[in-house]
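**Q**
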Ligand SMILES: CC(C)[C@H](C(=O)O)[C@@H](O)C(=O)O
Ligand code: SF4
């Protein structure tokens, strides 16, 4: 019998099958943050239940933490309360807690892989939609709601109907200025934000095989933005090299045993998917969004499509452009921007900072641009300094902030002012996402860097061609 990678991992975690109902799945790893956990812990308290496997549970503070002066008490009373609740709950149940200032602190989807918590063939959940990120390692990882967080804390299991399967294959070569973010934004622009609803996606083909682990995380992270339950990529030597030696990864004999299993984690040749989609790597340009959902993206050299040329309602489309103060048919290139945000669980890893630095090196930040560069974790922050990237950034007039979700959802003070335009490496451009009235243009770290030094939407291919040595 031929199985998909997804089938193999899913089937090996089914504890019980409910006839015509959801499967009961065992969960290997549960990640917890301050926003979606307080009510779940309260539920346990009310029922006098302890966390079943605290050693499979990891807690971090990220969503509403400040990105300046983290050594000082958090000013916002609601944020301070949520952070305190998480610390107390973790303490009471014996869960590792990586709060503000802790060396392992960072965005939940950045610290999982970084510390060897995210492993191939594992089931991973978190009360957070971008849990799909961890699928980059060949794990089944998906976001859950707060009542499910409570269920997993109490039982280490979850009830889930098995999703349908989709494979997205991209072969060929990418232009050097086309990054994993562009690949993901391209797929979403082609499939729409609901194109993968009800499916779990496997990404296959040369383009993903050639991607670094960081790049694969970016792609899997964005799976959720086309409606998918999650996305995954078969583990290979790159995956194993990335994991080896990390703190929570298996060691010695356990490593050898795990490797034997992990090497079986790939889709069998004759396995059948419910849906197959194919694109060509050479067709993908650096991307940018012009509207208020991540599917409203175009190749950066293209204009804003006419309402009649897009699927979906004309009225919603026009409303979206009105929010952005853009018009049908306008070029994206040359549009003036005010803010740049480099960070988030989509593009807040070391490779993203390397890419940004490679373009701003020897150039200067445009004077009217405010740039918030926010590492995804303390480990990323450390690597930025150690690799000399910090010097490049500072030389070009940028300042580095402290880790957290920051302007990705603006739950802290990092809010883009109303009416301003931000080129952002995050994952959502919804109305008000980065602050009330803020206008978001989603893009890659290279496009963000090009905008940061020119002050307008600029094709990074142009600047890379004229790069000073
Ligand atoms: C706060 C949390 C529930 C939310 C999510 O689930 O995605 C957040 O991380 C986001 O990106 O919007
Ligand atoms: S960085 Fe953004 S998308 Fe990721 S978990 Fe935080 S708020 Fe959600």
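Residue numbers (my numbering): 15 to 483.
From the three backbone atoms N, C-alpha and C, an ideal C-beta is built for every residue, glycine too.
(1) Checking the sheet assignment: what are the DSSP bridge partners for residue 345?
(2) Touch check for the segment 269 to 277 and the segment 228 to 240: three-plus C-beta pairs under 8 Å?
(3) Among the residues of its own chain, which have a CB less than 6 Å from the CB of residue 16, if the five just before and after it don't count?
(4) Which residue wins for smallest C-alpha separation from residue 410, given the options 83, 390, 374?
(5) Mind the definition here: the segment 133 to 140 touches the segment 100 to 114 only if three or more C-beta pairs lie below 8 Å; say whether that holds.
(6) So, for residue 230: in the same chain, excluding its five sequence neighbours on each side, which residues have a beta-carbon less than 6 Å away from its beta-carbon?
(7) List the residues that DSSP assigns as beta-bridge partners of residue 111.
(8) Can you check whether the C-beta of residue 64 is within less than 8 Å of a C-beta belonging to chain C?
(9) Just to check, is the beta-carbon of residue 394 closer than 7 Å to a non-hydrogen atom of ligand 1?
(10) Around ligand 1, which residues pass a check of Cβ closer than 6 Å to any of its heavy atoms?
(11) In this structure, how does DSSP classify residue 86 when only helix, strand and coil are distinguished?
(12) Between which two residues does the beta strand (DSSP E) harbouring residue 37 extend?
(13) Given a threshold of 16 other Cβ atoms within 10 Å of its Cβ, counted over all protein chains shown, does residue 87 qualify as buried or as exposed?
(14) Buried or exposed, going by whether 16 or more other CB atoms sit within 10 Å of the CB of residue 85?
(15) Nearest CA to the CA of residue 66: which residue from 40, 321, 48, 197?
(16) I'd like to know whether the C-beta atoms of residue 318 and residue 302 end up nearer to each other than 8 Å.
(17) Using alpha carbons as the reference points, say which of 83, 448, 470, 155 lies closest to residue 307.
(18) Within a Cβ cutoff of 7 Å, which residues of the same chain sit near residue 470, ignoring the five residues on either side of it in sequence?
(19) Expressed to the nearest angstrom, what Euclidean distance is found between the alpha-carbon atoms of residue 58 and residue 68?
(20) How long is the line joining the alpha carbons of residue 207 and residue 326, rounded to whole angstroms?
(21) Please say whether residue 165 and residue 209 have beta carbons closer to each other than 8 Å?
(22) Any heavy atom of ligand 2 closer than 7 Å to the CB of residue 443?
(23) Quick one, which of 384, 175, 305 has its alpha-carbon nearest residue 343's?
(24) Helix, strand or coil for residue 290? Go by DSSP, reduced to three states.
(25) Could you tell me if the beta carbon of residue 121 falls within a distance shorter than 7 Å of some heavy atom in ligand 2?
(26) Within the same chain, show all residues whose beta-carbon is closer than 7 Å to that of residue 427, passing over the 5 residues directly before and after it, in chain order.
(27) Does ligand 2 have even one heavy atom less than 7 Å from the beta-carbon of residue 8?
(28) Going by DSSP, which residues form a beta bridge with residue 312?
(29) Using the Cα positions of residue 163 and residue 146, report the straight-line distance between them to the nearest angstrom.
(30) Below 8 Å between beta carbons: does that hold for residue 109 and residue 391?
(31) Give me the DSSP bridge partner(s) of residue 229.
(32) Any heavy atom of ligand 2 closer than 7 Å to the CB of residue 440?
(33) Which residues does DSSP list as the beta-bridge partners of residue 185?
(34) Would you mind reading off the limits of the beta strand (DSSP E) that contains residue 156?
(35) Is residue 358 near ligand 2 - that is, is its Cβ less than 7 Å away from at least one heavy atom of it?
**A** So, to answer that:
(1) 317
(2) no
(3) 282, 284, 285
(4) 374
(5) no
(6) 150, 247
(7) 73
(8) Of the chains in the structure shown, none is chain C; there is only one protein chain.
(9) no
(10) 49, 50, 77, 142, 143, 144, 157, 423
(11) coil
(12) 37 to 40
(13) exposed
(14) exposed
(15) 40
(16) no
(17) 448
(18) 348, 349, 350, 351
(19) 13 Å
(20) 11 Å
(21) no
(22) no
(23) 305
(24) strand
(25) yes
(26) 80
(27) With the chain represented from 15 up to 483, any question about residue 8 goes unanswered, as that position is not in the structure.
(28) 302
(29) 16 Å
(30) no
(31) Paired residues: none, contrary to the question.
(32) yes
(33) 294
(34) 154 to 157
(35) yes
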